[in-house]
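A.B. asks: First the structure, which I've put down as structure tokens, then a few questions once you've had a look.
Residue numbers (our numbering): 513 to 1259.
Right under this line is the structure:
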């Protein structure tokens, strides 16, 4: 062993000793929390309901803490900072302290850790040396040092290790696992600046393929939950992702970063009670996404506030009475003047109509010779309310609706659609006509949300409940302080946390369950991934979920494939947030090698896509492999190409093609018998080989991509889909085609 190898071995041993100390502390904390859990589980078995609630609340808090500790128990530390003031800080996934509160490990989200990601040789931020610890499990396998202060070398330091592939390149070069991993050990300066941004409005992260947009968004969510925990833990953070497969792909990231308090869903799940992954045709999707649909729906609701063509003749206990059109018109005017939504304003309409009708009833009774005094009015109103013809007439004039019922009826009645259509949509609305029992689509969900906003509900019960909840929580906090004094001495549990947990136990639902079941639930922060796919109507629905307009929006307008998607962040978002829009750009591609990315960019530019310039950190070992075959042998030759590359290279493979080809391709691959199980769609992320569309592949990455008949992808949804497909690979891109290649792909 030469001198350098001995030096490296000494340093690894030194870092291993410190890592062992950290893991010992993690194990101590796990044991402590387990003891607390055992104690709580074994106590108060026959006590009161209040005692059981306290026990269950403590258990939930301890279980959350235990899950966090276990999630980091194999990879808690990844870096070290040596500072100008001789201080040394170790950086990890959570913060760790000794029982005496001596800090052992700095949480990556803490301000003191920012320099680990941001310090450079020209702006050192007080850092002399930054060390990356490359570990496998609890074992330190290697080290790499960034010397930011050259005097460290001049001083002849013997503990500096200038070797290794580098944490970043090691991470991006490794094979995919089918799940996104956190990038907490390899966050780069431009990413860290965005993650820690203090922007309280809408932060847009625009970046080309492979620039880490999703990873940055998830790390920002974890950072915000850490930094603004008291503000966000009651309302939660919503993460909106494009497909169920994508959600599975990212589901492990936040727990590994020390966070689990988020709600994840796809656009087809945003409206409670509806879950759909089906899409309309491009023509219909484009129309449903138009901002003019909001005006159409508003007009359609108002047009169900009817004045009959003729007066309504009634007979109340033998007394003839007329509910005139002018009475109903005046009542409608009064109800609309409140600017309440339809269902809430209906109560005003009914009251106003009844006030006018009872006055007419009093006049009719007086004309018959009856004596009517003011004290009689409640009884007369009761007679009117219970008369079937009065109820029918008022219902016909102003029916209450559910969002689902209203939209089903509207889409099944072409005459109503035409009557409600604004000028901008005139002549197009017949595209919306469909049978009343048609299944919901993803593009229907924002329209349901818009209708729900227009119809509304009675706000009084909700307001009363909010007042009761606030009073109850204050009482819970006071009581929790007393309980903690008697039960918990570890300092792990705070009174506010216990009070919140008592409330959740009382409610019986998790935050996610409550948030997804209540359409009016508002989040403290919303993360929207693949945001370029959202239409104007979709953005209206999303903006309602965060009244504070606190958003992290990530996407790439060059990858837009949805017919209702956007090609400009300003035009899509400015109507809701005016000057609170901040756009950041990611410019480094960590996923796709340059040899592949250059070909993808050339194709995108040839089709006039608004490509964000990016530079790849790796050159790659081979150019894309393009194979032209006969149309009749396309599936078989694709299967052969997959077999060949599977035998040659390790990793996960995506076969990306137009939707109509997926069945034949999956069958051809399965028929070979010499390949692993083949998955389909975005759910194929769980399989070593998956056959999917470009839209299924959005946001995902694979070691190998075999692209089939690229011209068909352009035919289906445009060049944006082909750009997505070409940029999913970390190692190899194969192309199998029978038709001529699209412009820019010829190479």
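Yeah, the Cβ is synthetic: ideal placement off N, Cα and C, and Gly gets one too. Only a predicted model underlies this, so the values are computations on that prediction, with no experimental measurement involved.
From the DSSP output, in three-state form, read off residue 818 for me.
C.D. replies: coil
A.B. asks: For residue 1237 versus residue 1219, is the C-beta spacing smaller than 8 Å?
C.D. replies: yes
A.B. asks: Got a sec? Which residues, its chain only, sit under 7 Å from residue 936 by beta carbon, not counting five neighbours each side?
C.D. replies: 804
A.B. asks: Which residues in the same chain as residue 894 place their Cβ atom closer than 8 Å to its Cβ, once the five residues preceding and following it in sequence are excluded?
C.D. replies: none
A.B. asks: If we ignore side chains and look at the alpha-carbon of each, how far apart do residue 1052 and residue 1044 end up?
C.D. replies: The alpha-carbon atoms of residue 1052 and residue 1044 are separated by roughly 14 Å.
A.B. asks: Can you pull the DSSP bridge partners for residue 591?
C.D. replies: Residue 591 pairs with 603, 644.
A.B. asks: Whether or not the stretch 534–541 and the stretch 603–616 are in contact is what I'm after, with contact meaning three or more pairs of Cβ atoms, one per stretch, closer than 8 Å; do they touch?
C.D. replies: yes
A.B. asks: Going along the chain, which residues of its own chain have a beta-carbon closer than 6 Å to the beta-carbon of residue 1076, five neighbours each way excluded?
C.D. replies: 797, 798, 801, 1047
A.B. asks: Under 8 Å, do residue 625 and residue 815 count as touching if we go by C-beta distance?
C.D. replies: no
A.B. asks: Can you name the residues that DSSP bridges to residue 718?
C.D. replies: 1067, 1097
A.B. asks: Please return the same chain residues whose Cβ sits closer than 6 Å to the Cβ of residue 848, not counting the five positions on each side in sequence.
C.D. replies: There are no such residues.
A.B. asks: Cα separation between residue 653 and residue 578?
C.D. replies: 27 Å
A.B. asks: In whole angstroms, give me the CA-to-CA distance for residue 915 and residue 1118.
C.D. replies: 44 Å
A.B. asks: Mind listing, in chain order, the continuous alpha helix (DSSP H) runs of no fewer than 4 residues lying wholly within the stretch 894–949?
C.D. replies: 900–909, 915–924, 926–932
A.B. asks: Inspect the beta-carbon positions of residue 1124 and residue 785 and report whether they are closer than 8 Å.
C.D. replies: no
A.B. asks: Helix, strand or coil: which one does DSSP assign to residue 1085?
C.D. replies: helix
A.B. asks: How would you write the range of the alpha helix (DSSP H) that residue 961 sits in, first residue to last?
C.D. replies: 956–967
A.B. asks: Just the Cα atoms here: how many angstroms apart are residue 1239 and residue 722?
C.D. replies: 7 Å
A.B. asks: Answer yes or no: do residue 1023 and residue 724 have a C-beta to C-beta separation smaller than 8 Å?
C.D. replies: no
A.B. asks: Go through the stretch 723–801 residue by residue and report every complete run of the beta strand (DSSP E) that reaches 3 residues or more, in order.
C.D. replies: 749–752, 774–777
A.B. asks: Between the Cα of residue 825 and those of 867, 873, 778, spot the shortest distance and give me the residue it belongs to.
C.D. replies: 873
A.B. asks: Is it the case that the stretch 862–873 contacts the stretch 832–850, given that we only count it when at least three CB pairs across the two stretches are under 8 Å?
C.D. replies: yes
A.B. asks: Let me confirm a value: residue 908 is counted as buried when at least 16 other C-beta atoms fall within 10 Å, else exposed. Which label applies?
C.D. replies: Counting the other CB atoms within 10 Å of its CB gives residue 908 a total below 16, which places it among the exposed residues.
A.B. asks: Is DSSP giving residue 610 helix, strand or coil here?
C.D. replies: coil
A.B. asks: Identify, in the order they occur along the chain, each residue of the same chain with its Cβ nearer than 7 Å to the Cβ of residue 1166, setting aside the five sequence neighbours on each side.
C.D. replies: 1202, 1204, 1209, 1214, 1217, 1240
A.B. asks: So which of 913, 948, 906 has the shortest CA-CA distance to residue 924?
C.D. replies: 948
A.B. asks: Shortest alpha-carbon distance to residue 788 belongs to which of 795, 637, 780?
C.D. replies: 780
A.B. asks: Using a Cβ-Cβ cut-off of 8 Å (strictly less than) and excluding sequence neighbours within five positions of residue 610, which residues of its own chain qualify?
C.D. replies: Result list for residue 610: 537, 616, in chain order.
A.B. asks: From what residue to what residue does the beta strand (DSSP E) around residue 1028 run?
C.D. replies: Where residue 1028 is concerned, there is no enclosing beta strand (DSSP E), although the alpha helix (DSSP H) it sits in stretches over 1023–1029.
A.B. asks: Residue 1143 to residue 1257, Cα distance in whole Å?
C.D. replies: 19 Å
A.B. asks: Mind checking residue 651: buried by the 16 CB within 10 Å criterion, or exposed?
C.D. replies: Under this definition residue 651 is an exposed residue.
A.B. asks: Can you tell me the Cα-Cα spacing of residue 708 and residue 755, whole angstroms?
C.D. replies: 27 Å
A.B. asks: Applying the 10 Å Cβ sphere with the 16-neighbour rule, what's the burial state of residue 897?
C.D. replies: exposed
A.B. asks: Can you tell me whether residue 1183 is helix, strand or coil according to DSSP?
C.D. replies: helix
A.B. asks: For residue 741, count neighbouring Cβ atoms within 10 angstroms of its own Cβ and tell me buried if that reaches 16, exposed if not.
C.D. replies: exposed
A.B. asks: Please classify residue 648: is it buried, with 16 or more other beta-carbons within 10 angstroms of its beta-carbon, or exposed?
C.D. replies: The Cβ neighbour count for residue 648, taken over all protein chains shown within 10 Å, is under 16; the residue is labelled exposed.
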